[in-house]
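FYI, the numbering for the sequence shown is 4 to 390, going by the numbering used here. A virtual CB, placed ideally from N, CA and C, is assigned to each residue, including glycine. Quick notes on the structure that follows.
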Amino acid sequence: MKSPQTPTLSQWDDPLRQAVPAANRSLFMQHGYAPELHQAQVPDVCHALELVQNLPPVNPNDKRIVNGNTDINQLAPFKYPWAWEFFLNGNKNHWTPLDINMAQDVHDYHHKLTTEEKHVYENVLAYLTTSDILAMRNIGLAVMEKMSAPELQIYQARQVYEEALHTWTYQHCIETIGLDQSEIYNRYRVVPAIYGKIRMANQRLERVMRADFDLRNRDNLEEFAMSYLFFAAVFEGCWFYNGFNPIFALQRRGLMKGTGEQLQYILRDEALHSAFGMKVVEQLLIEEKLVLDPKRVQEMWDESEAAEHAYAKYILADPILGYSADDHIGQFHFVANRRSRQMKMPEPFPGAKERLDWLSEQASLRKEKNFFETRVTEYQTGVSLSW
Ligand SMILES: [Fe+2]
Ligand SMILES: [Fe+2]
4 MKSPQTPTLS QWDDPLRQAV PAANRSLFMQ HGYAPELHQA QVPDVCHALE LVQNLPPVNP
64 NDKRIVNGNT DINQLAPFKY PWAWEFFLNG NKNHWTPLDI NMAQDVHDYH HKLTTEEKHV
124 YENVLAYLTT SDILAMRNIG LAVMEKMSAP ELQIYQARQV YEEALHTWTY QHCIETIGLD
184 QSEIYNRYRV VPAIYGKIRM ANQRLERVMR ADFDLRNRDN LEEFAMSYLF FAAVFEGCWF
244 YNGFNPIFAL QRRGLMKGTG EQLQYILRDE ALHSAFGMKV VEQLLIEEKL VLDPKRVQEM
304 WDESEAAEHA YAKYILADPI LGYSADDHIG QFHFVANRRS RQMKMPEPFP GAKERLDWLS
364 EQASLRKEKN FFETRVTEYQ TGVSLSW
């Protein structure tokens with residue numbers, strides 16, 4: 004037996020070059036490895052290669068949302084081509100908060116906003132920034148690792164990045180305007196109406212975040228589906244979606260336009276997050292032959308409505324011009340019904356009408372020519388969001 008060779012400088016990052024003797028060179032040559040190798044590590048490596056040669060190809064029909072038993076490292080063939088489409092569409096949305104001019108916002112905040120409007124602006128940021136960290140952690144730590152098809156995880160990896168980008172955006176606004184950072188970031192811990200939403204989210208998400216949460220257990224599987232439904236339909240699909248509206252109401256009046264534009268970019272991402280999450284839940288329920296208890300789903304909506312109600316009453320205790328707590332809650336009901344229809348579930352708030360008929364035009368980035376006129380780069384390269 005030869006003694007191990009000392010690796011040359013060019014071999015230091017290629018362990019296989021140091022691991023196979025002459026007898027096994029032909030096998031390794033087939034796989035493109037040069038055979039300057041050491042015998043001691045050979046049997047395991049060769050055995051692994053022989054096993055690989057005997058593995059059947061991945062059958063996409065064996066993929067599952069969770070508890071799949073195919074090779075998670077092989078992207079295609081796809082079982083969920085729509086998930087890949089979400090990834091491609093997400094990648095059409097490129098921006099950073101530094102791209103948007105905030106100079107007028109600094110002036111507006113310090114010289115034009117009323118006390119009530121400042122109260123709205125600050126608390127919306129305080130709520131959103133805490134929520135987006137929670138969103139990033141939930142997708143990255145609880146949801147993504149439980150998915151067993153790579154095309155799902157790849158979009159979620161993009162989502163984790165986007166949630167971090169959103170957190171940067173709020174921080175950029177807070178910093179640029181010159182708000183007291185520690186006070187804004189701590190606000191959810193001292194204002195019950197903000198804490199109520201964060202607490203509800205933590206309660207509904209934290210158990211499934213545990214690494215030992217076993218999805219082969221049917222009760223756990225149902226709880227996971229409920230948690231993801233809450234996250235996609237309520238947390239992202241309503242609370243975030245609706246949460247930007249008070250700022251859009253300011254933007255509509257020509258105030259805090261930079262912040263409004265930042266939130267338009269975030270909203271475009273969130274629309275995809277919410278739609279993707281609901282699609283995953285829908286597919287999960289079909290695959291696992293699960294039916295969520297309608298009573299539990301209605302309870303989820305009622306609980307989230309109560310939290311949203313308290314939040315709206317706090318941030319809009321004194322209404323601002325063009326926007327009130329009733330507008331906020333009414334719009335929440337309207338969006339909640341739409342999310343439920345998307346999930347083919349009964350509307351939780353029958354009869355709710357759209358309160359903000361100006362919103363889809365105001366929040367849409369389709370008015371790109373106006374919004375981008377001071378900018379040199381076209382950031383949106385094709386995705387269209389339906390309202
Ligand atoms: Fe986000
Ligand atoms: Fe999100």
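- Residue ranges of uninterrupted beta strand (DSSP E) with 3 or more members are absent from the region 233 to 309; none lies entirely inside it.
- By the Cβ rule, the region 268 to 285 does not count as touching the region 299 to 309, because fewer than three pairs are nearer than 8 Å.
- Three or more pairs of CB atoms, one per stretch, sit closer than 8 Å, so the region 193 to 209 contacts the region 223 to 237.
- Residue R271 holds the alpha-carbon nearest to the alpha-carbon of Q365 among E120, R271, R342, G93.
- With respect to the 8 Å criterion, V163 and I323 are not classified as neighbours on the basis of their beta carbons.
- The nearest non-hydrogen atom of ligand 2 is less than 7 Å from the C-beta of Q162.
- Taking C-beta atoms as the reference points, P353 and S343 fail to come closer than 8 Å.
- Cβ atoms of D321 and R358 stay farther apart than 8 Å, at about 18 Å.
- Short note on E264: C-beta not closer than 7 Å to any heavy atom of ligand 1.
- For K298, same chain residues with a beta-carbon under 8 Å away, outside a window of 5 residues either side, do not exist.
- When secondary structure is reduced to three states using DSSP, Y173 falls in the helix class.
- The alpha helix (DSSP H) runs of length 4 or more contained entirely in the region 54 to 109 are, from start to end of the chain, 84 to 93.
- Per DSSP, T133 is one residue of the alpha helix (DSSP H) stretching across 118 to 140.
- In terms of side-chain proximity, the C-beta atom of H276 is found nearer than 7 Å to a non-hydrogen atom of ligand 2.
- With respect to the 8 Å criterion, E239 and A138 are classified as neighbours on the basis of their beta carbons.
- Rounded to whole angstroms, the Cβ separation of Y317 and V194 is 7 Å, and the two are in contact under 8 Å.
- The straight-line gap separating the alpha-carbon atoms of I187 and L78 is approximately 42 Å.
- Short note on A138: C-beta closer than 7 Å to some heavy atom of ligand 2.
- In this model, T172 and H50 are separated by some 51 Å (Cα to Cα).
- A direct Cα-Cα distance of roughly 42 Å separates L91 from T117.
- If you draw a 10 Å sphere on the C-beta of E273, you find 16 or more other C-beta atoms in it, and that means buried.
- With 16 or more other CB atoms across the displayed protein chains lying within 10 angstroms of its CB, S134 is buried.
- If you look at G199, you'll find it in the alpha helix (DSSP H) that goes 195 to 208.
- If the five residues before and after F247 are omitted, its C-beta is found closer than 6 Å to the C-beta atoms of L266, L270, all from its own chain and listed in chain order.
- The residues Q365, in chain order, have a CB closer than 6 Å to that of R255 in the same chain once the five nearest residues on each side in sequence are set aside.
- Linking I103 to G257 through their CA atoms gives a straight-line distance of about 15 Å.
- Put simply, the backbone Cα of H114 is about 14 Å away from that of M105.
- Taking every protein chain shown into account, the CB of W98 has 16 or more other CB atoms within 10 angstroms, so this residue is buried.
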